[in-house]
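Mapping of the sequence shown onto this note's numbering: residues 340 to 918, in sequence order.
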Amino acid sequence: MPTDETAATPNAAPTTPKDFIRDLIDEDNRTGRFGGRVHTRFPPEPNGYLHIGHAKSINLNYGIARDYGGKFNLRFDDTNPTKEEQEYVDAIIEDVRWLGADWEDRLFFASDYFDQLHEWAVQLIRAGKAYVCDLSADEIREYRGTLTEPGRESPYRNRSVEENLDLFERMRRGEFPDGSRTLRAKIDMASGNLNMRDPVLYRILRATHHRTGDKWCIYPMYDWAHGQSDSIEGITHSICTLEFEAHRPLYDWCLDALGVYHPQQIEFARLNLTYTLMSKRKLIDLVKRGYVRGWDDPRMPTICGLRRRGYTPEAIRDFCNRIGVAKANSTVDYGLLEACAREDLNKRARRVMVVLKPLKVVIENWPAGKVEWVDAENNPEDPGAGARKMPFSGELYIEQDDYREDPPKGWFRLGPGREVRLKHGYYITCREAIKDAAGNVIELRCVYDPESASGVTPDGRKVQGTLHWVSAAHAVDAEVRLYEQLFSKPDPEDVPPGQDYTANLNPNSLTVLAGCKAEPSLADLSPDPQYTDGIHRFQFMRQGYFCLDPDSTPDRLVFNRTVTLKDTWAKVEKGTKKG
Ligand code: ATP
Ligand code: MG
340 MPTDETAATP NAAPTTPKDF IRDLIDEDNR TGRFGGRVHT RFPPEPNGYL
390 HIGHAKSINL NYGIARDYGG KFNLRFDDTN PTKEEQEYVD AIIEDVRWLG
440 ADWEDRLFFA SDYFDQLHEW AVQLIRAGKA YVCDLSADEI REYRGTLTEP
490 GRESPYRNRS VEENLDLFER MRRGEFPDGS RTLRAKIDMA SGNLNMRDPV
540 LYRILRATHH RTGDKWCIYP MYDWAHGQSD SIEGITHSIC TLEFEAHRPL
590 YDWCLDALGV YHPQQIEFAR LNLTYTLMSK RKLIDLVKRG YVRGWDDPRM
640 PTICGLRRRG YTPEAIRDFC NRIGVAKANS TVDYGLLEAC AREDLNKRAR
690 RVMVVLKPLK VVIENWPAGK VEWVDAENNP EDPGAGARKM PFSGELYIEQ
740 DDYREDPPKG WFRLGPGREV RLKHGYYITC REAIKDAAGN VIELRCVYDP
790 ESASGVTPDG RKVQGTLHWV SAAHAVDAEV RLYEQLFSKP DPEDVPPGQD
840 YTANLNPNSL TVLAGCKAEP SLADLSPDPQ YTDGIHRFQF MRQGYFCLDP
890 DSTPDRLVFN RTVTLKDTWA KVEKGTKKG
């Protein structure tokens with residue numbers, strides 16, 4: 340599978356596979372349609388946080404600009420002040436940057452073009468191609484007709500140019516109440532395409548805009564703002580999702596009516612993922628109703644949620660490249676996203692030891708007070724990753740699950756009289772289990788073999804189980820958060836009549852383990868230089884891939900499990916597999 344290692348280094352050779360959009364661009368370059376220029380943009384509306392679907396669009400738009408030596412703009416489609424906020428603008432900028440897309444100095448806002456868009460609206464009125472309409476929103480809908488019935492013309496459709504200019508100017512000056520009038524394009528009420536039935540271009544709306552304040556009380560609609568913004572910026576290929584296919588004739592009509600530079604709109608299928616909702620409205624709902632801890636809750640499909648979960652930008656770009664770009668809608672298996680995370684983290688994540696449910700082990704024949712610093716390799720997949728020293732002592736923690744009083748057949752971990760290897764340490768044999776009044780095992784008494792430090796003994800004795808552990812006196816307290824899918828059905832919207840998607844919320848999506856013990860090397864809260872975002876990422880041996888959560892303090896670390904290991908350890912170290 341091709342991976343996208345080049346996104347952070349724009350000049351490296353492109354590795355992205357071809358798709359139908361790149362084929363169209365090749366054709367445009369062959370015919371010289373845009374003079375060989377390639378200029379794309381990502382146009383988010385700042386009315387929520389970005390999600391993994393947006394990553395697909397960013398990867399596509401930025402990847403094309405990079406691969407063709409072209410340009411990429413970040414442009415906010417901020418034409419609806421009632422739903423838009425600066426908080427979203429800031430979060431989107433952070434997320435696009437984190438994903439590795441580079442807009443250089445081309446950060447734009449549709450609101451930067453409000454004057455030009457207004458001027459062009461006046462030009463359209465002068466040309467007899469737009470009129471002020473006094474119908475209400477409901478009436479406009481009613482007049483529009485349906486897919487099978489033509490629309491009816493508005494009674495205000497044939498106002499004179501002078502009257503339209505006057506009314507539009509008075510709309511702008513704030514003489515009319517919100518919603519009382521609109522500016523509409525004069526196209527064709529009998530068109531088979533509902534978008535062409537005199538669409539609204541401007542509405543009256545008294546709302547303070549996060550950038551233009553109270554300067555405007557009329558705001559352009561998406562269809563009036565988008566294509567013209569593309570034109571102003573010299574975009575060549577305006578790539579959007581399939582639901583805008585039926586808007587393309589209007590996109591083209593507006594640009595032709597104005598006689599301005601005309602980019603090409605191209606539509607592709609949006610990303611859908613199993614177990615995942617991507618509608619911004621529902622993501623806002625999840626946050627506002629408190630079903631998750633916030634936009635960056637690690638169960639959220641938002642970019643900041645995936646980041647907090649431990650996903651790397653490299654893994655997300657790899658995912659976007661693997662799913663490819665098509666013209667037909669489909670749903671991608673969430674497992675593919677996880678596989679991309681595993682593949683990247685397997686190569687890069689340091690192997691460390693954290694005990695999630697500690698059980699004390701006392702080594703009776705260990706010299707009192709002795710601490711031995713054993714060598715622990717950081718990553719067998721990456722010899723350059725080096726090694727660290729881990730303290731081994733006479734009091735350790737292992738996992739409660741790694742001891743069974745009455746082991747089943749094929750059990751290679753600890754039990755009465757059983758011997759195991761402690762990773763990077765010694766062989767130990769269990770002599771006795773100490774129990775509390777309720778009969779729970781609270782401590783194991785073991786002996787170690789001083790000759791087993793290298794993992795082999797002089798008598799050639801083999802043990803089949805290898806356990807992870809930490810030294811009790813040196814361990815750092817940790818909280819570990821384990822996640823499952825936020826929804827228990829592949830299609831979260833698949834609910835009985837009368838219920839909403841919340842009926843499918845998975846009650847087990849978050850498990851918090853509070854009393855975990857981490858090896859001391861993890862108590863480093865400074866940025867990790869190994870990752871572009873400085874987030875520490877690890878493989879906890881036998882437990883999966885984890886990252887350090889920002890809730891961490893020096894004496895209480897917090898980790899999120901990014902993804903499980905998928906049993907690879909079990910294949911290598913046979914017998915230590917869980918259960
Ligand atoms: P809304 O839920 O408000 O319709 P949106 O997800 O369409 O929001 P925008 O901010 O308008 O959000 O999206 C910015 C860009 O991202 C658009 O070009 C849009 O087509 C693209 N995009 C949005 N969702 C997806 C998705 N699931 N897959 C691929 N591209 C997407
Ligand atoms: Mg949208």
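Note that CB positions come from ideal geometry on N, CA and C, so glycine has one too.
Nearest candidate by alpha-carbon position, reference residue i, set the options
{"i": "residue 434", "options": "467, 448, 391", "result": "391"}
{"i": "residue 588", "options": "530, 791, 679", "result": "530"}
{"i": "residue 429", "options": "651, 387, 899, 717", "result": "387"}
{"i": "residue 486", "options": "473, 368, 396, 528", "result": "528"}
{"i": "residue 692", "options": "420, 809, 599, 774", "result": "809"}
{"i": "residue 817", "options": "442, 757, 899", "result": "899"}
{"i": "residue 802", "options": "753, 838, 822", "result": "753"}
{"i": "residue 814", "options": "895, 790, 886", "result": "895"}
{"i": "residue 494", "options": "512, 509, 471", "result": "471"}
{"i": "residue 791", "options": "760, 484, 699, 811", "result": "760"}
{"i": "residue 718", "options": "687, 700, 675, 475", "result": "687"}
{"i": "residue 453", "options": "484, 561, 397", "result": "561"}
{"i": "residue 437", "options": "383, 617, 643", "result": "643"}
{"i": "residue 496", "options": "537, 507, 478, 488", "result": "537"}
{"i": "residue 628", "options": "582, 890, 383, 840", "result": "840"}
{"i": "residue 422", "options": "659, 868, 558", "result": "558"}
{"i": "residue 854", "options": "739, 904, 807, 555", "result": "739"}
{"i": "residue 473", "options": "502, 440, 446", "result": "502"}
{"i": "residue 611", "options": "658, 745, 420", "result": "658"}
{"i": "residue 696", "options": "821, 378, 450", "result": "821"}
{"i": "residue 716", "options": "725, 708, 710, 829", "result": "725"}
{"i": "residue 851", "options": "861, 888, 458", "result": "888"}
{"i": "residue 710", "options": "812, 744, 775", "result": "812"}
{"i": "residue 397", "options": "382, 409, 702", "result": "382"}
{"i": "residue 516", "options": "506, 523, 524, 525", "result": "506"}
{"i": "residue 461", "options": "509, 384, 414, 653", "result": "509"}
{"i": "residue 785", "options": "765, 796, 793, 797", "result": "765"}
Status (buried if at least 16 other CB within 10 Å, exposed otherwise) for residue i
{"i": "residue 647", "result": "buried"}
{"i": "residue 500", "result": "exposed"}
{"i": "residue 712", "result": "exposed"}
{"i": "residue 762", "result": "buried"}
{"i": "residue 355", "result": "buried"}
{"i": "residue 456", "result": "buried"}
{"i": "residue 372", "result": "exposed"}
{"i": "residue 704", "result": "exposed"}
{"i": "residue 360", "result": "buried"}
{"i": "residue 781", "result": "exposed"}
{"i": "residue 340", "result": "In this prediction, residue 340 scores a pLDDT of 38, lower than 50, which makes its location untrustworthy; the coordinate-derived value is nonetheless stated afterwards. That one is exposed."}
{"i": "residue 779", "result": "exposed"}
{"i": "residue 575", "result": "buried"}
{"i": "residue 519", "result": "exposed"}
{"i": "residue 858", "result": "buried"}
{"i": "residue 720", "result": "exposed"}
{"i": "residue 668", "result": "exposed"}
{"i": "residue 838", "result": "exposed"}
{"i": "residue 664", "result": "buried"}
{"i": "residue 467", "result": "exposed"}
{"i": "residue 547", "result": "exposed"}
{"i": "residue 635", "result": "buried"}
{"i": "residue 578", "result": "buried"}
{"i": "residue 403", "result": "buried"}
{"i": "residue 847", "result": "exposed"}
{"i": "residue 799", "result": "exposed"}
{"i": "residue 869", "result": "exposed"}
{"i": "residue 362", "result": "exposed"}
{"i": "residue 906", "result": "In this predicted model, residue 906 has a pLDDT of only 48, less than 50, meaning its place in the structure is not dependable enough to derive any value."}
{"i": "residue 683", "result": "buried"}
Per DSSP, the bridge partner or partners of residue i
{"i": "residue 769", "result": "785"}
{"i": "residue 604", "result": "577"}
{"i": "residue 712", "result": "730"}
{"i": "residue 856", "result": "694, 816"}
{"i": "residue 885", "result": "877, 900"}
{"i": "residue 543", "result": "557"}
Chain C within 8 angstroms of residue i, Cβ atoms only
{"i": "residue 863", "result": "Any reference to chain C falls outside this structure, which holds one protein chain only."}
Considering only residues of the stretch 479-534, which uninterrupted alpha helix (DSSP H) runs meet the minimum length of 4 residues and lie entirely inside it, listed in chain order? 500-512
What ranges does the beta strand (DSSP E) occupy inside the stretch 602-643, keeping only unbroken runs of at least 3 residues that lie completely in it? 603-607, 610-612
Complete alpha helix (DSSP H) runs within the stretch 391-476 (minimum length 4 residues, chain order): 391-406, 425-437, 453-465
Uninterrupted beta strand (DSSP E) stretches inside the stretch 790-845 (no shorter than 3 residues): 815-822
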